[in-house]
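Student: Dropping the structure in here first, questions after.
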Amino acid sequence: MSYSGPRFFAWCDEAERIDAFTAALSELVVPGALIDLMMSATISCETRSIDEVLAVVRAHFGGQKSAHVGSGVRLNDSDRVITFDLACYPEESERRHPYGPLKVEAGERKCDFYPYEIPVGGGPRSIEAEAAVACHLIQGDIEDLLLRLCAPDASGRVPTGACTDKEDWLAPVEMCATYNANAVELARDLALSWVSLHEKQSVSRIAGMSLEALHARIDAAPRGARVPMKGTHELSSSLSRETVLKALATPPATLLDALEAAAVPDDTWRAAEPQAHEIMELLRQLGEAEGEGPPAFRAKVTTRGHTRFLEEHAPFHVRRLPSGGVMLATHPYRTLWPLWADALFVLGLMS
Numbered sequence: 117m118s119y120s121g122p123r124f125f126a127w128c129d130e131a132e133r134i135d136a137f138t139a140a141l142s143e144l145v146v147p148g149a150l151i152d153l154m155m156s157a158t159i160s161c162e163t164r165s166i167d168e169v170l171a172v173v174r175a176h177f178g179g180q181k182s183a184h185v186g187s188g189v190r191l192n193d194s195d196r197v198i199t200f201d202l203a204c205y206p207e208e209s210e211r212r213h214p215y216g217p218l219k220v221e222a223g224e225r226k227c228d229f230y231p232y233e234i235p236v237g238g239g240p241r242s243i244e245a246e247a248a249v250a251c252h253l254i255q256g257d258i259e260d261l262l263l264r265l266c267a268p269d270a271s272g273r274v275p276t277g278a279c280t281d282k283e284d285w286l287a288p289v290e291m292c293a294t295y296n297a298n299a300v301e302l303a304r305d306l307a308l309s310w311v312s313l314h315e316k317q318s319v320s321r322i323a324g325m326s327l328e329a330l331h332a333r334i335d336a337a338p339r340g341a342r343v344p345m346k347g348t349h350e351l352s353s354s355l356s357r358e359t360v361l362k363a364l365a366t367p368p369a370t371l372l373d374a375l376e377a378a379a380v381p382d383d384t385w386r387a388a389e390p391q392a393h394e395i396m397e398l399l400r401q402l403g404e405a406e407g408e409g410p411p412a413f414r415a416k417v418t419t420r421g422h423t424r425f426l427e428e429h430a431p432f433h434v435r436r437l438p439s440g441g442v443m444l445a446t447h448p449y450r451t452l453w454p455l456w457a458d459a460l461f462v463l464g465l466m467s
């Protein structure tokens, strides 16, 4: 099955992986929905019982036998129901080819998750406002699904996770969202990114490393070592070893405050918001209308102009979670690097 929607990744110790899979599955599946489980060519089942699925997984998981479940999920923010695939990989499988070790793929087709068209009024069109609406329609679902995978309960089994519209778990600063169970270790995103990019390591293989171990790897690198980044200006086009070491030495609260300050929407986004709110109000009225509703026509929001606007201007969210964790997020077409670059620059850490 080919997926084009966003992908969500999470890491936890193998000893707790089945429990994390269990908690995420219970949080994702629409009650009573049909569940397809596949573990190998000879081990599979189709049922509406989560308990039956978990019994098969617990009996066979391990070695090269991973668990793949397909079912339906109700998105809490938009109240839509779409398909999802939840996978859980044992350590032996991860060593051969890193996939997860926990992964959710949302939507069988790209249009299942991302809006293809939206109704707009009869006035002048605005690509910027339409793109902003397309962002509003999915941003809450992105953040909700990442939390349902990483933190479906208060166990804290999953220390870190992320989301992207790419195939693999990339460096955290190249993802569109990250989750850290402990805000004190927020700098892990930066350290993990540097080690992954500098040593060409799969994030899935090293996501479980302690912050101290990551620090030691960075400290052992040659002075002046840098990794290239997709930045919009010279100061953000690369990330240096020294910048990461200084960030690791910065009090976590100071780092978090700087990220929050850097997450203010830019002028271009703010200029598009008034018309975007008008379109959102039209959507609300159409949703409540028993008859035809107000006049509107459907505008395609997947053009290069819409996409480019989101890549360059989609806002960042910095969420301090009640559990003590933190989530950084933006639209899947954008990455978190501009947020980090701005925060590091304000703190005087970029070099």
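The numbering used here puts the sequence shown at residues 117 to 467. Glycine is no exception: its CB is placed at the ideal position from the N, C-alpha and C atoms. Since the model is a prediction, treat every value here as computed from it, not as a measurement.
If you follow the alpha helix (DSSP H) that A139 is part of, which residue opens it and which one closes it?
Tutor: Residue mapping note: residue 139 aligns to position 23 of the sequence shown, counting from 1. That run of the alpha helix (DSSP H) goes 133-144.
Student: Per DSSP, which residues does A203 bridge with? Please list them.
Tutor: Within the sequence shown, the letter at position 87 stands for residue 203. Partner(s): H184, K219.
Student: Output yes or no for whether 8 Å exceeds the beta carbon distance between L202 and V220.
Tutor: Here residue 202 is taken as the residue at index 86 of the sequence shown, counted from 1. Here residue 220 is taken as the residue at index 104 of the sequence shown, counted from 1. Contact: yes.
Student: Hey, out of A445, E397, V274, L437, whose CA is closest to E246's CA?
Tutor: Taking the first residue of the sequence shown as position 1, residue 246 is located at position 130. Out of A445, E397, V274, L437, E397 has the C-alpha closest to the C-alpha of E246.
Student: Could you tell me the boundaries of the beta strand (DSSP E) in which F125 lies?
Tutor: Taking the first residue of the sequence shown as position 1, residue 125 is located at position 9. It spans 123-127 - the beta strand (DSSP E) in which F125 sits, taken as one unbroken run.
Student: Helix, strand or coil: which one does DSSP assign to A278?
Tutor: Translated into the one-based positions of the sequence shown, residue 278 becomes position 162. Reduced to three states, the DSSP call for A278 is strand.
Student: Is it buried or exposed, Q401, if we count other Cβ atoms within 10 angstroms and call 16 or more buried?
Tutor: Looking up residue 401 in the sequence shown gives position 285. It is exposed - the Cβ of Q401 has fewer than 16 other Cβ atoms within 10 Å.
Student: Closest by CA to A377, which one among P344, P454, E358, A365?
Tutor: Stepping through the sequence shown from its first residue, residue 377 is reached at position 261. With distances taken between Cα atoms, A377 lies closest to P454.
Student: In terms of residue numbering, what span does the alpha helix (DSSP H) encompassing S318 cover?
Tutor: On the sequence shown, position 202 is the one that residue 318 refers to. Careful: S318 lies outside any alpha helix (DSSP H) and carries neither H nor E.
Student: Whole beta strand (DSSP E) runs in the segment 319-347 with 3 or more residues, listed along the chain?
Tutor: Fully enclosed beta strand (DSSP E) runs of 3 or longer: 342-344.
Student: Thinking just about the alpha-carbon of each residue, which of L306, E389, R436 is nearest to the one in L465?
Tutor: As a position in the sequence shown, residue 465 is number 349, starting the count at 1. Answer by Cα proximity: L306.
Student: Let me confirm a value: S271 is counted as buried when at least 16 other C-beta atoms fall within 10 Å, else exposed. Which label applies?
Tutor: Position 155 of the sequence shown, counted from the start, is the residue given in the question as residue 271. Under this definition S271 is an exposed residue.
Student: Name the one or two DSSP bridge partners that V169 has.
Tutor: If you number the sequence shown from 1, residue 169 lands on position 53. For V169, which the question treats as bridged, DSSP gives no partner whatsoever.
Student: Using only the alpha-carbon positions, how far apart do A374 and R304 sit?
Tutor: Residue 374 sits at position 258 when you count from the first residue of the sequence shown. Residue 304 sits at position 188 when you count from the first residue of the sequence shown. Their backbone Cα atoms lie some 16 Å apart in a straight line.
Student: Can you check which of these residues, K346, W310, L364, is closest to P338 by C-alpha distance?
Tutor: In the sequence shown, counting from the first residue as 1, residue 338 sits at position 222. Here the closest residue by C-alpha is W310.
Student: Skipping 5 residues on each side, what residues in its chain have a beta carbon closer than 7 Å to that of L170?
Tutor: Residue 170 sits at position 54 when you count from the first residue of the sequence shown. Excluding sequence neighbours, L170 sits near T138.
Student: I want to know whether the segment 314-334 touches the segment 122-129 - three or more CB-CB distances under 8 Å.
Tutor: Touching, per the Cβ criterion.
Student: Closest to A332 by CA distance: which of L265, E290, P381, L308 is it?
Tutor: Taking the sequence shown and counting its residues from 1, the one referred to as residue 332 is at position 216. Among L265, E290, P381, L308, the Cα nearest to that of A332 is on L308.
Student: In the DSSP assignment, find the alpha helix (DSSP H) that holds D152 and state where it starts and stops.
Tutor: To locate residue 152, count along the sequence shown from 1; it is residue 36. Premise fails: D152 lies in the beta strand (DSSP E), 151-154, not in any alpha helix (DSSP H).
Student: Based on DSSP bridge pairs, tell me the residues matched to R190.
Tutor: Taking the sequence shown and counting its residues from 1, one reaches residue 190 at position 74. The partner list for R190 (beta bridge, DSSP) reads V197.
Student: Under a three-way DSSP split, which group does L302 fall into?
Tutor: Here the question's residue 302 lines up with position 186 in the sequence shown. If DSSP states are grouped into helix, strand and coil, L302 belongs with coil.
Student: Taking 8 Å as the cut-off, decide whether the C-beta atoms of A297 and P288 are in contact.
Tutor: Residue numbering aside, residue 297 sits at position 181 when the sequence shown is read from its first letter. Residue numbering aside, residue 288 sits at position 172 when the sequence shown is read from its first letter. Result no, Cβ atoms of A297 and P288 do not sit closer than 8 Å.
Student: Can we say the segment 137-156 touches the segment 236-254, given the rule of at least three CB pairs closer than 8 Å?
Tutor: Too few Cβ pairs lie closer than 8 Å, so no.
Student: Just the Cα atoms here: how many angstroms apart are P214 and S320?
Tutor: Position 98 of the sequence shown holds residue 214. Position 204 of the sequence shown holds residue 320. Going from the Cα of P214 to the Cα of S320 covers about 6 Å.
Student: If I measure Cβ to Cβ from M117 and keep anything under 6 Å in the same chain, skipping five residues before and after, which residues do I get?
Tutor: Along the sequence shown, read from residue 1 onward, the residue named residue 117 stands at position 1. Only weak support exists for where M117 lies, its pLDDT of 38 falling under 50; the value from the coordinates is given anyway. So the list is empty, once near-sequence residues are dropped.
Student: Which residues does DSSP list as the beta-bridge partners of Y295?
Tutor: Taking the sequence shown and counting its residues from 1, the one referred to as residue 295 is at position 179. Answer by DSSP bridge pairing, in chain order: G277, M443.
Student: Have a look at A388, A392, P217 and flag the residue whose alpha-carbon is nearest the alpha-carbon of D284.
Tutor: On the sequence shown, residue 284 is found 168 positions in, with the first residue counted as 1. Checking every option, the nearest Cα to that of D284 belongs to P217.
Student: Take R273 and list the residues in its own chain whose beta-carbon comes closer than 7 Å to its own, dropping the five residues that flank it on each side.
Tutor: Taking the first residue of the sequence shown as position 1, residue 273 is located at position 157. Same-chain partners within the cutoff: C128, E132, D135, A136.
Student: How would you write the range of the beta strand (DSSP E) that I234 sits in, first residue to last?
Tutor: Numbered from 1 along the sequence shown, position 118 holds the residue referred to as residue 234. Where I234 is concerned, the enclosing beta strand (DSSP E) stretches over 233-236.
Student: For G178, does the three-state DSSP call read helix, strand or coil?
Tutor: Start at 1 with the first residue of the sequence shown, and residue 178 comes out as number 62. Residue state, collapsed to three classes: strand.
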